[in-house]
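Following: one structure in structure tokens, then a few remarks.
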Amino acid sequence: ELRTLRLGSCVITANLQAIRNVFSEIRDSVQARDENIDMRILRNTGSLQDTKPSDRCCLLRHLLRLYLDRVFKNYQTSDHHTLRIISNLANSFLTIKKDLGICHDHMTCHCGKEATEKYRQILHHFEELEPQAAVVKALGELNILLRWMEEM
Amino acid sequence: HVTEDTPGLLHHVKFQSQNFESILMWDSGPTSPPDTVYSVEYKTYGQRQWLAKAGCQQTTRKSCNLTMETGNLTELYYARVTALSPGGRSATKMTDRFSPLYHTTIKPPDVTCVPKVRSIQMMVHPMPTPILGEDGHQLTLEKIFQDLFYRLELQVNRTYQMHLEGTQREYEFVGLTPDTEFIGVTTISVPTWSKESAPYVCRVRTLPDRTWT
Numbered sequence: 001e002l003r004t005l006r007l008g009s010c011v012i013t014a015n016l017q018a019i020r021n022v023f024s025e026i027r028d029s030v031q032a033r034d035e036n037i038d039m040r041i042l043r044n045t046g047s048l049q050d051t052k053p054s055d056r057c058c059l060l061r062h063l064l065r066l067y068l069d070r071v072f073k074n075y076q077t078s079d080h081h082t083l084r085i086i087s088n089l090a091n092s093f094l095t096i097k098k099d100l101g102i103c104h105d106h107m108t109c110h111c112g113k114e115a116t117e118k119y120r121q122i123l124h125h126f127e128e129l130e131p132q133a134a135v136v137k138a139l140g141e142l143n144i145l146l147r148w149m150e151e152m
Numbered sequence: 153h154v155t156e157d158t159p160g161l162l163h164h165v166k167f168q169s170q171n172f173e174s175i176l177m178w179d180s181g182p183t184s185p186p187d188t189v190y191s192v193e194y195k196t197y198g199q200r201q202w203l204a205k206a207g208c209q210q211t212t213r214k215s216c217n218l219t220m221e222t223g224n225l226t227e228l229y230y231a232r233v234t235a236l237s238p239g240g241r242s243a244t245k246m247t248d249r250f251s252p253l254y255h256t257t258i259k260p261p262d263v264t265c266v267p268k269v270r271s272i273q274m275m276v277h278p279m280p281t282p283i284l285g286e287d288g289h290q291l292t293l294e295k296i297f298q299d300l301f302y303r304l305e306l307q308v309n310r311t312y313q314m315h316l317e318g319t320q321r322e323y324e325f326v327g328l329t330p331d332t333e334f335i336g337v338t339t340i341s342v343p344t345w346s347k348e349s350a351p352y353v354c355r356v357r358t359l360p361d362r363t364w365t
């Protein structure tokens, strides 16, 4: 079931329910590997829904790139099922990112100060951690990102 | 998750949640003496502090209501139980990360089935949750889950059913035979979260047609 995401002037559709169902297959096992439960990368203060509409597309685009370039690629596991699920998630994110790219081409994916600052903070939280710990935590927080997108 | 464990004192520490009524439950282990006591703590994911749950300290019960403590839907939570046996042995176990939105299941709806001569009305009653909105009022399931809808089925006979669905609360199956028994089945569905309630079932008989008597 496709969901419409309204990101300011950029409007796209995505099957968030399917992505959530795929992620639920590895959710508990990935989160169980996250030992830093005193800390959170995707915090309510930096959420998409609390970002002004015109900056949402840019912030989401940055987040998808973070997941594609630094999370999905670097998650270390010998479990083939998990790797297949991650590949599936990456493809879904790639599709969404392509749609955001079209918005960018049509000048409806503007990076204002708010998006830039919020992404900087998220990246700071991510880079505060040891690399693999950051990857594990970010992947475990994918449900937070999905809920942010659902509230667009 | 095991923080410290004397084998066999504590098992299956987990949340069970229905309509956002979230209860922490656990089992004693095979070797735990009957007068083992349990203490519960909880925390918000991303925060440092564990908080003791008043009313669930040094208790012999094996459940603890953490509904109010897990009532912010934008947050995720952990809880942990420490078991202490009379002999001084102890064990602590933690839940998986708990998301009220993801983990809560939906109770069957509360429905009133009203028979008429040639129709049956079905009225779904609102389902308040313990979750408070910004105005301090209890939120209903419909308010929390924007894509929640009702699915109604009227079983006419073994091979024929009638179906209605929607987000409104009142429905009417029409064109029925008077003085006949029907079975009404109502479920709640929340597609975004792939949730579906168990059905509410009512057995109801249409009224006799006294028009010509």
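Here the protein sequences come in this chain order: A and B. For what it's worth, my numbering labels the leading residue of the first sequence as 1, then goes sequentially. For what it's worth, my numbering labels the leading residue of the second sequence as 153, then goes sequentially. Positions of the beta carbon are idealized from the N, C-alpha and C atoms, including for glycine. The structure presented is a predicted model; accordingly, all values stated were derived computationally and were not measured.
Give the residues of chain D in contact with residue i, contact being defined as C-beta atoms less than 8 Å apart.
i, result
"G198 of chain B", "Here the protein chains are A and B, and chain D is not one of them."
Ordered along the chain, which non-local residues of its own chain (more than five positions away) have a Cβ less than 7 Å from that of residue i?
i, result
"V376 of chain B", "In the structure as shown, chain B begins at 153 and stops at 365. Residue 376 of chain B is therefore absent and cannot be evaluated."
"V154 of chain B", "With a pLDDT of only 47 at V154 of chain B, under the threshold of 50, the placement of this residue in the model should not be trusted, and no figure is reported."
"K205 of chain B", "V192, E193, Y194, C216, L218, E221"
"I335 of chain B", "Q307, V353, R355"
"E317 of chain B", "F301, Y302, R303, L304"
"Q76 of chain A", "Q132"
"N36 of chain A", "L129, A133, K137"
At what residues does the alpha helix (DSSP H) containing residue i begin and finish?
i, result
"A18 of chain A", "16-23"
"F126 of chain A", "113-128"
"V356 of chain B", "Per DSSP, V356 of chain B belongs to no alpha helix (DSSP H); it is in the beta strand (DSSP E), 352-357."
"R27 of chain A", "27-32"
"R61 of chain A", "53-66"
Near residue i, which residues of its chain fall below 6 Å by C-beta distance, leaving aside the five closest residues on each side in sequence?
i, result
"D299 of chain B", "P343, T344"
"V276 of chain B", "P261, V263, Y302, R321"
"E10 of chain A", "Per the sequence shown, residue 10 of chain A should be read as Cys rather than Glu. These residues qualify, in order along the chain: C57, C103, T108, C109."
"V165 of chain B", "W178, V233, K245, T247"
"S251 of chain B", "L228"
"D361 of chain B", "V269, P330"
"R20 of chain A", "L146"
"L142 of chain A", "F23"
"H125 of chain A", "I41"
Which residues bound the beta strand (DSSP E) around residue i?
i, result
"F301 of chain B", "301-307"
"S242 of chain B", "242-246"
"P131 of chain A", "It is not in any beta strand (DSSP E) - P131 of chain A instead sits in the alpha helix (DSSP H) that spans 131-140."
"A4 of chain A", "The amino acid occupying residue 4 of chain A in the given sequence is Thr; Ala does not appear at that position. Residues 3-7."
Spell out the partners DSSP gives residue i in its beta bridges.
i, result
"T211 of chain B", "B:Y190"
"L236 of chain B", "B:V189, B:S242"
"N171 of chain B", "DSSP output for N171 of chain B lists no bridge partner at all."
"H163 of chain B", "B:D179"
"L203 of chain B", "B:Y194"
"V11 of chain A", "A:R6"
"I144 of chain A", "None; I144 of chain A has no bridge partner."
"V342 of chain B", "B:K347"
Looking only at its own chain, which residues have a Cβ that is under 8 Å from the Cβ of residue i, when we skip the five neighbours before and after it?
i, result
"S184 of chain B", "G160, L161, L162, A235, S237"
- Query: Any residues in the stretch 233-254 of chain B with a beta carbon nearer than 8 Å to a beta carbon of chain A? Which ones, in chain order?
  - Reply: Taking a C-beta cut-off of 8 Å against chain A, the contacting residues of the stretch 233-254 of chain B are D248, R249, S251, L253, Y254, listed in chain order.
- beta strand (DSSP E) segments (min. 3 residues) lying fully within the stretch 248-336 of chain B: 262-267, 271-277, 280-284, 290-292, 301-307, 313-318, 322-326
- Message: Could you tell me which whole alpha helix (DSSP H) segments of length 4 or greater appear in the stretch 80-107 of chain A?
- Response: 80-105
- At a Cβ cut of 9 Å, what residues of the stretch 342-363 of chain B count as close to chain A, listed as they run along the chain? P343, T344, W345, S346
- Query: In the stretch 201-227 of chain B, which residues sit with their C-beta less than 7 Å from some C-beta in chain A, listed in chain order?
  - Reply: Using a CB distance below 7 Å, the part of the stretch 201-227 of chain B facing chain A consists of T226, ordered along the chain.
- Near-chain B residues of the stretch 4-20 of chain A - C-beta to any C-beta below 9 Å: L16, Q17, R20
- In chain order, what residues of the stretch 114-145 of chain A put their CB closer than 9 Å to some CB of chain B? G140, E141, N143, I144
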